[in-house]
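Residue numbers (full-length UniProt numbering): 1 to 1186.
Built from N, CA and C at the ideal position, the CB exists for glycine as well.
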Amino acid sequence: MAGSKFDELALQYVLAIDQPAEAAAAAEAATLIQSSSNNRILVGQWVSSINRWISPDAGSGDRMDEGSGLDQDLISRAKALDFLASTLEVLNRDALRADQVKLLAAFFGSLFSSDHRAGVAASAKALKQLTQMKAFQPALASDIIGNVSKLGDDFKLQAPATRLELFELFNGFFADPSVVKDLSTRHGEGSEFMTGLLALCRSERDPKNLLIWFSILQIFLRSFSPSKEMLEATFKAFSAYFPISLRASTTPSGITADDLKRAVRACFSADYRLAGLTIPFLIGKLDQGDAVTVAVKVDILQTLEACLSQYEEPQQSVVPYMDQVWNSLKYEVRNGEVADTVEATLKTIAALTRRLDDGNLRAFFTSAWRDLGDDLANPSYAAQAGRLLVAISGASIRSFDLAASQSMSLIQSTIKNSKTSSHQQDLVIVLNSLLLVRTHLDYGDRDRIELSSDALFGDTLFTDIYQRLWEEFVNDDTTGAEKNGLLQKLMEGMATLVGQRASNDQTKRLCSDQTCVLILGQLAKPAIVCPLTDTALLGSASTPATQDALQDSAASSLTRAIPQFPEGFQQVLLIFLSTVKSVLDSQTVTADLSVNIQVAAATLSDIVCSDTASESTTSATSRALTYALLQGLSKVLSIPAQSAPEKQQLVSAFIASIHLNVTKSLQTLVKRSGSETQTPPITKEWFSQYQNAVADSIASPNLRNADAVPTAESVAGPVSTFTQLLAFYLLVVRELYISFTCTGQVSTEDASPGSVGLSTAVLEFTTNDQEVCLHHLGLLASSVVRSLSQEEQVALSLDKGAFVLFHDNSTTGPVAGTFSPRDKFRTVPLTMGVLQGLHPAAIDDQLLVSALENVLHHLLSPNPDFSLTTRAALDNVLTILSNKHQPKGAERSAKRLEIQDSIIKSYEQIVQTEPATKGDPLWQVRAFSSILQYLAGDVTRFQGNPAENKLLQHICEHAPRDERYGDAFAKCFGILVSPKQCLSSENHVIRKRLSEQWIYHQAVQPYYSECLLPPKASEAGEKPSVPRAARARAAAVFAVLQHLKYEHYGADAAQIVRIVVSRLSALGPGQEVDSCLAVLNTILDKEPSALKEHLGPLIRGVTQVYRESIELARSGARRGQNDRSFHSNRKHALTFLCRAATVYETSHVLPHRQSLLRPLSMACGDPVREIRRIALATRQAWEALN
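Laid out in structure tokens, this is it:
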């Protein structure tokens, strides 16, 4: 019964027309075999089930060759054999016994010699499955390889997939250690089994098959010990493919030419006994000259490098060929012009050098030096010889010591005697490279020993070469690219020289401290002194581009040198301070000095934050730089204002420089530590102890004593590096606040006793300069405060410090949460700086509410007594407090609504007042803007309950409709969502994820219909006018939309387009129409189809906007604050026209081409360069329409 069942399954498999049916038949056959504990008979019946297709009566090879193609018998026999193979594929690995595996292997192996056309694919598949059976014996591999090899020339006639099965079969044998052992024992050095394989696979061309074939050859060479004859035969097999290439059309499997190159390369470097064949072969290929392409030459060099690096027994495989390799490769560098080839050659030479022991290394270098010595002295070949020398010296510690000892004296003497700066530059580059190589030498884990070449890289090298050339060229009045290049290389070399350490003691520098200080002084001149004094290093012979290049090079060199010699940073800072002092004392202070100070300070800050500096070094150097800047600031403040009119700009420059240093150093430490959160946090007691120890040194900064100032850790206990530095910066902010302000009794009526005002030194400045200076100081405070954790901010009571500006108010002081009115509220930016950086929970709720009420009182009062700049600071404070006022709990929520009710009341009073004839005529608009500033902070952390948004609803509904101020109020609505620094995430604001989407649905979407109110009736003959309320509402809508993402309002794009079309001409030139055009351009970019039906009126309307804007700009009407918006009007109008010409099909825009060419020609003469550029592109786009 079982036999007939197998016959039935075999027939089912042969007749199947799809893969699932075939798989089902094979699986059922496997289940039958596995169902019996003694399956001897079942296996026989299973094999016999295909006899009807295998027997001689079923067809013969002779008969099949008579036709023009495969006949039905051939196809059936192939499928019958595949039935057996597919059954083996799903059969359990332990289902067959060893004798059964052997018989099946013999059966399928015999088919390779008797049934080339029908049996190969199935036999290959079946044998592959048999080798994975647990009962498979390694001894069978030799017979299988022999049977498969009988295919001979018919192998290449098989399909690539069939050959792949066989390659994977062979690869499995060679990857199995037991099979490798059996083959080695059975065949010995002769490895006869490989003879047939080499003949069988010699013509393979399929990329996927080749990868496996090369892998087989590599494993064979590494795992066997073939005879010399077999080595030569194997070498011929893979070298025939070298250099290998691949056409893209033949790589459906994703295999690349590089994959094949690496595979062949692995064969070349597989066994050191191949050296006698591979190295001469590769050198011969390389020496073919121009006949070899760059890609092939690089492949040859990389293959040679792999051989030299990986061959074992270098005495036999590398040493005999070192002279041959050198004599060939040196010309690739000496005469090489292609960077890739030269780079590959240098790597190969380094690989060769690395494999040589002491005696052979010395012999090799002696031979190479005969060429290198002559070339180094030759200006034409010095650079190439230097690269070869560096490649050799960088190979190992021994090679460096040998090369440096031999070459340094020649290089130095040649530099001294050379007559051309280009030759000197080439040799200085060689010296610099040797210094870099020495810096990165790998000493390994062995005990360090002092190298004989150490003495060559110390003070003497600096004095004889670098210092001499520096002084010679700096004092030379001539200029040129070669001279500038040499100076830059000298600076790079000097920076590297500072980092040279003794080979046996990495803590010992080879250069003395005096030399290192001298080097830093020389580097500081172009990097620090020249920018400060606004002079050129090379005098009048220098161009601005040259000076910039030298300054950048010097700054980069200092950045690399200081981490190697941190003690020298103080000397650089003293040079900075002495230069500033000399400029100030010279009575020739110019307006550029403040800019120059910031440039020099930025360079010093880059040095502090070098990637190579440790955390402790960064912390120490940043503190030193802060002391230097504080000392410079103190010097400037001591100068009488009349003797230095630019004093106030210099003060701002120093504060801005301190801010830059603070920001960059904290960011650097955070990046290295991975988090700002430090443990333990700063406490009030800890900070008080540190303050008592350090405050005096900050109040009276002296850089020379900076090292003696105790660290936070030594005074108050162990903390992280970041926390120490942050605490130091907070003390700096505190001291600056105290020195720039003062407290005391005042006579001003609205100033309470103890209120804080500006210090005498600041009051000497002009009002504008005071505001700039205090703004910079507030930004500095914000950067420091926001880096503190919420717990630390609470512990230090920074919310209260924000209002008293860190003055001691234990006896007298301002009322908590009030802003000092002294000096017309000009200390507000300082309060703003601290408040901006606080966490919401770090502000006392009562204090916050009091501050909110106080600032609202001042901002919403008519004609307040403070400048517009101060008002902007108060507006920012209002936004900050509004955002950080968390209405959690019934009491807080009620207080928030109470504040909003008072604002509504103030708003109603504002709109009922007449425009002022005295004082500020726009105070009502400014007060309304302040209300929007409050809402900007509030809506960012919106409350979903409508009852809690009374103020927003009232303002959105009534403000644009107001008869007296509606037009002016509408322009301000963008304040609700416009970007604000005080609401950035770094300032710990409360921002809900959907806040912008929410404000759109509250303040914009409900009022679209109001934008489209019908025109008012007019007298006969006059054009109906747009209602004022509709125009104002449209202006308010676009003012908000221009700051929102398209995704927020894209669903209503069609309705917005209708508003644009109907109201574009009604909006006033300037801010109103600008926001409308910005929204229009966004819709054009995101969804141009929404505009397609309205292209005609839009093009006419936009063109009219351009005409009106240019006329107003040229006539001088409404000049000043509106000039910029007029420029923006024209820019947006032309951008729309340019995009429209390219976005839409020609049939849609061509009707408007003729009417636009003349206006666009006129626009090409716009007075603003950027707009002329856009106009030209726009005209070209419309002219190209056909």
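**Report entry** Residues near Ile-1038 in its chain [Cβ-Cβ closer than 7 Å; skip 5 each side]
**Finding:** Checking the sequence shown, residue 1038 turns out to be Phe, not Ile. The residues are Ser-1075, Cys-1076, Val-1079.
Requested in this report: Could you work out which residue in Val-784, Phe-740, Ser-787 is closest to Glu-764 when comparing CA atoms only?
Outcome: Phe-740
Query raised in the report: Starting from Lys-297 and walking both ways along the alpha helix (DSSP H), at which residues does that stretch end?
Result: 294-310
Query - Same chain, Cβ closer than 7 Å to Ala-656, five either side skipped, listed in chain order - result: Gln-598, His-776
Query raised in the report: Taking Arg-97 as the reference, which of Ser-86, Ala-377, Ala-135 has the closest Cα?
Result: Ala-135
Report task. For Thr-1142, count neighbouring Cβ atoms within 10 angstroms of its own Cβ and tell me buried if that reaches 16, exposed if not. Result -> exposed
Requested in this report: May I have the straight-line CA-CA distance separating Glu-482 from His-423, to the nearest angstrom?
Outcome: 10 Å
Requested in this report: Could you check the C-alpha separation between Asp-299 and Lys-261 for me, to the nearest Å?
Outcome: 8 Å
Query - Straight-line Cα distance separating Leu-951 from Gln-904 - result: For the sequence presented, residue 904 should be read as Ile rather than Gln. Whole-angstrom Cα-Cα distance: 6 Å.
Query - Proximity of Val-294 and Thr-341 at Cβ, strictly below 8 Å - result: yes
Query - For Leu-388 and Val-333, believed in contact at Cβ under 8 Å, the rounded distance - result: 5 Å
Query raised in the report: Who does Arg-1028 pair with in a DSSP beta bridge?
Result: For Arg-1028, which the question treats as bridged, DSSP gives no partner whatsoever.
**Report entry** Test item: CB-CB of Lys-884 and Pro-829 under 8 Å
**Finding:** no
Requested in this report: Mark Asp-82 as exposed unless 16 or more other C-beta atoms lie within 10 angstroms of its C-beta, in which case mark it buried.
Outcome: buried
Report task. Determine the closest residue to Ser-413 out of Phe-365, Ser-421, Thr-366, Ile-465, with distance taken between C-alpha atoms. Result -> Ile-465
Requested in this report: May I ask which residues mark the beginning and end of the alpha helix (DSSP H) holding residue 1262?
Outcome: What the structure shows of the chain is the stretch from 1 to 1186, and residue 1262 is not part of that stretch, so it cannot be assessed.
Requested in this report: Report yes if the CB atom of Pro-566 is closer than 8 Å to the CB atom of Ala-524, and no otherwise.
Outcome: no
Query raised in the report: What does DSSP give as the partner residues of Gly-757 in its beta bridges?
Result: Cys-742
Query raised in the report: Counting along the chain, where does the beta strand (DSSP E) carrying Asp-505 start and finish?
Result: 505-509
**Report entry** Spatial neighbours of Leu-1091 in its chain, beta-carbon cut-off 7 Å, leaving aside the 5 residues before and after
**Finding:** Val-1057, Ile-1083, Leu-1084, Leu-1098
Query raised in the report: For Thr-535, which of helix, strand or coil comes out of DSSP?
Result: coil
Query raised in the report: For the candidate residues Ala-80, Gln-137, Val-670, Ser-1065, whose alpha-carbon lies nearest to that of Ser-123?
Result: Ala-80
**Report entry** C-alpha distance - Leu-441 paired with Phe-400, whole-angstrom precision
**Finding:** 9 Å
Report task. Keeping to the same chain, check which residues put their C-beta closer than 6 Å to that of Gly-1101; ignore five residues upstream and five downstream. Result -> Leu-1064, Ser-1065
Query raised in the report: Mind checking Leu-537: buried by the 16 CB within 10 Å criterion, or exposed?
Result: buried
Query raised in the report: How would you call Ala-21, buried or exposed, if buried means at least 16 neighbouring beta carbons within 10 angstroms?
Result: exposed
Query raised in the report: Which value, in whole angstroms, describes the spacing of the CA atoms of Gln-770 and Pro-640?
Result: 16 Å
Report task. Go through its chain and collect everything with a Cβ distance to Leu-356's Cβ below 6 Å, but skip five positions before and after it. Result -> Phe-364
Query - CB-CB length for Leu-731 against Ala-695, believed under 8 Å - result: 6 Å
Query raised in the report: For Asn-702, which residues of its own chain have a beta-carbon under 7 Å away from its beta-carbon, when the five flanking residues on both sides are left out?
Result: Gln-631
Query - Alpha-carbon to alpha-carbon, His-1132 and Tyr-1049 - result: 20 Å
**Report entry** Proximal residues to Leu-805 (C-beta, below 6 Å), its chain only, five neighbours per side dropped
**Finding:** Tyr-737, Thr-741, Val-756, Leu-830
**Report entry** Best match in Leu-558, Cys-530, Glu-1111 for proximity to Thr-546 [C-alpha to C-alpha]
**Finding:** Cys-530
Query raised in the report: Can you tell me whether DSSP reads Arg-501 as helix, strand or coil?
Result: strand
Requested in this report: Have a look at Leu-70 and Ile-145 and give me their C-alpha separation to the nearest angstrom.
Outcome: At Leu-70, the pLDDT of 45 sits below 50, so the modelled position is not reliable; the number obtained from the coordinates is stated separately. Distance between the alpha carbons of Leu-70 and Ile-145 is about 27 Å.
Query raised in the report: Can you tell me where the alpha helix (DSSP H) with Val-474 in it begins and where it stops?
Result: 468-474
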